[in-house]
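First up is the structure itself, then whatever we jot down about it.
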Amino acid sequence: MDEAIEKALNLTSEEDTLIVVTADHAHTMSISGYPSRGQEIIVRIADILITALKLCLAALGDDGLPYTTLMYANGPGYNYTVKEDENEQHLVSRWNITQEVATGWDYTQLAAVPRNSETHGGDDVAIYANGPMAHLFHTLHEQNYIAHAMAYAACIGANQDHCKGASTMYPGTPTVGKTTDYIETTTAGGSTLAALPGVVLALLSALWLQH
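This is the structure in structure tokens:
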């Protein structure tokens, strides 16, 4: 994903190219626990706290087993077993990952509900924009807003007239004010007219998280 975006940025100019990066949905991934500052986000929380000599109950579940900062609400990482104690009471025990290498390429992140694959989630997803009219993408938007904003930036469809006022002599300079950086992940530059000859609207979908 990073390489695809970098390639698009290298092949284009932010003076005449709007690049939009977002995702169409979230996942059920959660970030939990009290890990130490600077820890690797996919390792066991207990590992970090033991190393820092701050081992406490918060590093383990109530069952005395460690867990990772990143987990999923459902997926193939579910691994619970049911046992009976001396009173024939059913005890549920989860997967002990103490000896697991959580950074391994074949490691499967823990999950609460068994499924052969993890599902989509309902969280908000990020959107980042760079180039002309990038200021249209900021704060929180409904997903259907994105298509309208991209069409407006490209001066297509019902938005063709809004480009007519741009300067033809100096296409890199907007006729009315200049766009500015609205948030740290949004960079705006150039004019709408400059985007017309070779506008590239790259809506890059986030890669499916491997788990």
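The numbers in UniProt numbering rise by one with no breaks, and the one at position 104 of the sequence shown is 104. Note that the Cβ used here is the ideal one computed from N, Cα and C, for glycine as well. Predicted model, so just to flag it, every value in this text is computed and none were measured.
**Report entry** Endpoints, the beta strand (DSSP E) within which Ile5 is located
**Finding:** As a position in the sequence shown, residue 5 is number 5, starting the count at 1. No beta strand (DSSP E) holds Ile5; the alpha helix (DSSP H) holding it covers 2 to 11.
Query raised in the report: Taking all protein chains shown into account, do 16 or more other C-beta atoms lie within 10 angstroms of the C-beta of Asp123, making it buried, or fewer, making it exposed?
Result: Walking along the sequence shown from the start, residue 123 turns up at place 123. Classification of Asp123: exposed, given that the 10 Å Cβ count is below 16.
Report task. Mark Asp63 as exposed unless 16 or more other C-beta atoms lie within 10 angstroms of its C-beta, in which case mark it buried. Result -> If you number the sequence shown from 1, residue 63 lands on position 63. Around the beta-carbon of Asp63, fewer than 16 other beta-carbon atoms lie within 10 Å, marking it exposed.
Query raised in the report: Got a sec: is the Cβ-Cβ distance from Met71 to anything in chain D below 7 angstroms?
Result: This model lacks chain D altogether; it includes just one protein chain.
Query - Outcome for Leu110 when other beta-carbon atoms lying within 10 angstroms are tallied against a minimum of 16 - result: Within the sequence shown, the letter at position 110 stands for residue 110. Per the 10 Å Cβ criterion, buried.
Query raised in the report: Looking only at C-alpha atoms, which of Asp2, Asp16, Thr22, Met1 sits nearest to Ala129?
Result: Counted from its first residue, the sequence shown places residue 129 at position 129. Distances from the CA of Ala129 to each of Asp2, Asp16, Thr22, Met1 were compared; the closest alpha carbon is that of Thr22.
Query - Minimum C-alpha distance to Gly33 - residue among Gly61, Tyr80, Asn87 - result: Numbered from its first residue, the sequence shown carries residue 33 at position 33. Residue Gly61 is the option with its Cα nearest to Gly33.
Query - CA-to-CA distance, Glu86 to Ala26, given in whole angstroms - result: Along the sequence shown, read from residue 1 onward, the residue named residue 26 stands at position 26. Along the sequence shown, read from residue 1 onward, the residue named residue 86 stands at position 86. Near 44 angstroms, if we compare the C-alpha coordinates of Glu86 and Ala26.
Requested in this report: Out of Gly157, Ala73, Val20, Glu15, point me to the one whose CA is closest to Ile31's CA.
Outcome: The count along the sequence shown starts at 1 and reaches residue 31 at position 31. Among Gly157, Ala73, Val20, Glu15, the Cα nearest to that of Ile31 is on Ala73.
Query - Extent of the continuous alpha helix (DSSP H) to which Met150 belongs - result: What you label residue 150 is simply residue 150 of the sequence shown in a count that begins at 1. In this chain, the alpha helix (DSSP H) harbouring Met150 covers 143 to 154.
Query raised in the report: Excluding the five sequence neighbours on either side, which residues of its own chain have a C-beta within less than 7 angstroms of the C-beta of Leu65, listed in chain order?
Result: For this step, residue 65 is matched to residue 65 along the sequence shown. So the list reads Arg94, Asn96, once near-sequence residues are dropped.
Requested in this report: On a CA-only basis, which of Arg37, Tyr67, Ala154, Ala147 is nearest Pro132? Give me that one, please.
Outcome: Residue 132 sits at position 132 when you count from the first residue of the sequence shown. For the set Arg37, Tyr67, Ala154, Ala147, the Cα lying nearest the Cα of Pro132 is the one of Ala154.
Query raised in the report: If you compare alpha carbons, which of Leu136, Tyr78, Val92, Glu40 is closest to Thr69?
Result: The residue you call residue 69 lines up with position 69 of the sequence shown. Restricting attention to Leu136, Tyr78, Val92, Glu40, the CA atom closest to the CA of Thr69 is found in Glu40.
Query - Integer-rounded CB distance, given that Ala102 should sit under 8 angstroms from Gly19 - result: By 1-based counting over the sequence shown, the position of residue 19 is 19. By 1-based counting over the sequence shown, the position of residue 102 is 102. At residue 19 the sequence reads Ile, which differs from the Gly that was named. Incorrect: roughly 34 angstroms between the Cβ atoms, too far for contact.
Query raised in the report: Using the rule of at least 16 other Cβ atoms within 10 Å of the residue's Cβ for burial, across every protein chain shown, is Thr67 buried or exposed?
Result: Taking the first residue of the sequence shown as 1, we reach residue 67 at position 67. First, the residue type needs correcting, since residue 67 is Tyr and not Thr in the sequence shown. Result: buried.
**Report entry** Whole-angstrom distance between Met150 and Glu3, CA atom to CA atom
**Finding:** Position 3 of the sequence shown, counting from 1, holds the residue named residue 3. Position 150 of the sequence shown, counting from 1, holds the residue named residue 150. If you take the alpha carbons of Glu3 and Met150, they lie about 23 angstroms apart.
Query raised in the report: Given Leu140, which residues of its chain have a CB within under 8 angstroms of its CB, disregarding the five upstream and five downstream residues?
Result: Walking along the sequence shown from the start, residue 140 turns up at place 140. Here Leu140 has Asp124 as same chain residues with Cβ atoms under 8 angstroms from its own Cβ, once five neighbours each way along the sequence are excluded.
Query raised in the report: Going straight from the alpha carbon of Pro171 to that of Ser36, what length do you get?
Result: Position 171 of the sequence shown, counted from the first residue, corresponds to residue 171. Position 36 of the sequence shown, counted from the first residue, corresponds to residue 36. Legend: pLDDT at Pro171 = 40, less than 50; position of this residue unreliable, no value from coordinates given.
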